[in-house]
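*Asks:* In the working numbering, the protein residues as written are 18 to 252.
Ideal Cβ positions, reconstructed from N, Cα and C, are used throughout, including at glycine.
These numbers were taken from a predicted model, which means no experiment stands behind them.
Sharing a structure here in structure tokens format.
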């Protein structure tokens, strides 16, 4: 699908972490704190995050469905074990407690306000729990109309079930929304398989495009959607 010669969407859906909220920065900070408290200098934050991500994403797609709080706890424990580090309950509590406090990127709140002024309805679709994301949504200026989580749908991206559930809740078809996101592995894979329109916010984190999919637009920051949408006549 393409953005040109397609209808203006009523709803915009957003990935939260990495798109609206400073996930990479926040995760690095909390992992560095965990390692510091262990007195660990042989493993750096990047190594632990890489191993944690691998376990977390595998657990998301492994039955039975778990809450994000549960699987992040297990994923962190498995990552620490793999790296030969002691794991404690306080580690996962620190991680889960840090996520709701992660702030939005500097341009996000004003951009959301302008999108609302242009008449769009805004929905977050996120691989998380309701109680975790509530702290992040509270920082977004009251501009978000709906929040759909993996907890509600009983499924994690890139499984179509989460997006199908979101579209059902919004009363739209796959072709009637534009999804704005940061994760090729999760969101682009779903867009490729399901056929909805997709804008990638590539913030220079090193994430790579999938070999068999290219999003409908690639931007560096969220505020760049404003001139893009105006150029399409969506104002």
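From the DSSP output, in three-state form, read off residue 165 for me.
*Replies:* Taking the chain shown and counting its residues from 1, the one referred to as residue 165 is at position 148. Looking at residue 165 - three-state DSSP - the assignment turns out to be strand.
*Asks:* How big is the Cα-Cα spacing for residue 19 and residue 233?
*Replies:* For this step, residue 19 is matched to residue 2 along the chain shown. For this step, residue 233 is matched to residue 216 along the chain shown. Roughly 6 Å between the two C-alpha positions.
*Asks:* Please list the terminal residues of the continuous alpha helix (DSSP H) segment that includes residue 205.
*Replies:* For the purposes of this step, residue 205 is identified with residue 188 of the chain shown, where counting begins at 1. From DSSP, residue 205 is part of no alpha helix (DSSP H); its letter is neither H nor E.
*Asks:* Grab me the residues of residue 116's own chain with a C-beta within less than 6 Å of its C-beta, minus the 5 sequence neighbours each way, in chain order.
*Replies:* Here residue 116 refers to the residue found at position 99 of the chain shown. Once the five neighbours on either side are set aside, the close Cβ partners of residue 116 are 149.
*Asks:* Is residue 83 a contact residue of the ligand PLP, with contact defined as CB to any heavy atom under 8 Å?
*Replies:* The ligand PLP is not among the ligands present in this structure, which contains no ligands whatsoever.
*Asks:* Starting from residue 75, trace the alpha helix (DSSP H) in both directions and tell me its first and last residue.
*Replies:* As a first step, residue 75 is located in the chain shown; it is residue number 58 there, counting from the start. Run containing residue 75: 62-77, per the alpha helix (DSSP H) assignment.
*Asks:* From the DSSP output, in three-state form, read off residue 138 for me.
*Replies:* Position 121 of the chain shown holds residue 138. Note: residue 138 maps to strand in three-state DSSP.
*Asks:* State the DSSP-derived secondary structure class of residue 23, mapped to helix, strand or coil.
*Replies:* Within the chain shown, the letter at position 6 stands for residue 23. Of the three classes helix, strand and coil, the one that applies to residue 23 here is coil, per DSSP.
*Asks:* Look up residue 196 in the DSSP assignment and give the residues it is bridged to.
*Replies:* If you number the chain shown from 1, residue 196 lands on position 179. Looking at the DSSP assignment, residue 196 forms a beta bridge with 30, 215.
*Asks:* Thinking residue 122 and residue 203 are a contact (beta carbons under 8 Å), I'd like their distance in whole angstroms, please.
*Replies:* Mapped onto the chain shown, residue 122 falls at position 105. Mapped onto the chain shown, residue 203 falls at position 186. Going by Cβ atoms, the distance from residue 122 to residue 203 rounds to 18 Å, so no, they are not a contact pair.
*Asks:* Answer yes if the stretch 239-252 comes into contact with the stretch 20-30, meaning at least three C-beta pairs across the two stretches below 8 Å, and no otherwise.
*Replies:* Short answer: they touch.
*Asks:* DSSP on residue 121, reduced to helix/strand/coil?
*Replies:* Taking the first residue of the chain shown as 1, we reach residue 121 at position 104. Strand, per DSSP.
*Asks:* Taking the continuous beta strand (DSSP E) assigned at residue 46, which residues delimit it?
*Replies:* By one-based count along the chain shown, residue 46 stands at place 29. It is not in any beta strand (DSSP E) - residue 46 instead sits in the alpha helix (DSSP H) that spans 40-54.
*Asks:* Could you say which of 195, 47, 230 lies nearest to residue 216 if we only look at CA atoms?
*Replies:* Locating residue 216 in the chain shown gives position 199, counting from the first residue. Among 195, 47, 230, the Cα nearest to that of residue 216 is on 195.
*Asks:* When DSSP labels each residue in this structure, what does residue 155 get in the three-state scheme?
*Replies:* In the chain shown, counting from the first residue as 1, residue 155 sits at position 138. Residue state, collapsed to three classes: coil.
*Asks:* Give a yes or no on whether the C-beta atoms belonging to residue 30 and residue 187 are separated by under 9 Å.
*Replies:* Numbered from 1 along the chain shown, position 13 holds the residue referred to as residue 30. Numbered from 1 along the chain shown, position 170 holds the residue referred to as residue 187. In this structure, residue 187 lies closer than 9 Å to residue 30 by Cβ.
*Asks:* Looking at residue 227: is its Cβ nearer than 9 Å to the Cβ of residue 206?
*Replies:* Indexing the chain shown from 1 puts residue 227 at position 210. Indexing the chain shown from 1 puts residue 206 at position 189. Yes; because the gap between Cβ atoms is below 9 Å, this pair is in contact.
*Asks:* How would you write the range of the alpha helix (DSSP H) that residue 236 sits in, first residue to last?
*Replies:* Here residue 236 refers to the residue found at position 219 when the chain shown is read from its first residue. From DSSP, residue 236 is part of no alpha helix (DSSP H) but of the beta strand (DSSP E) over 234-236.
*Asks:* Could you tell me which residues DSSP puts in a beta bridge with residue 143?
*Replies:* Translated into the one-based positions of the chain shown, residue 143 becomes position 126. DSSP lists 166 as partners of residue 143.
*Asks:* Return the residue from the list 242, 160, 98, 95 that minimises the CA-CA distance to residue 140.
*Replies:* Here residue 140 is taken as the residue at index 123 of the chain shown, counted from 1. With distances taken between Cα atoms, residue 140 lies closest to 160.
*Asks:* Mapping the DSSP letters down to three states, classify residue 128 as helix, strand or coil.
*Replies:* The residue given as residue 128 occupies position 111 in the chain shown. It is helical.
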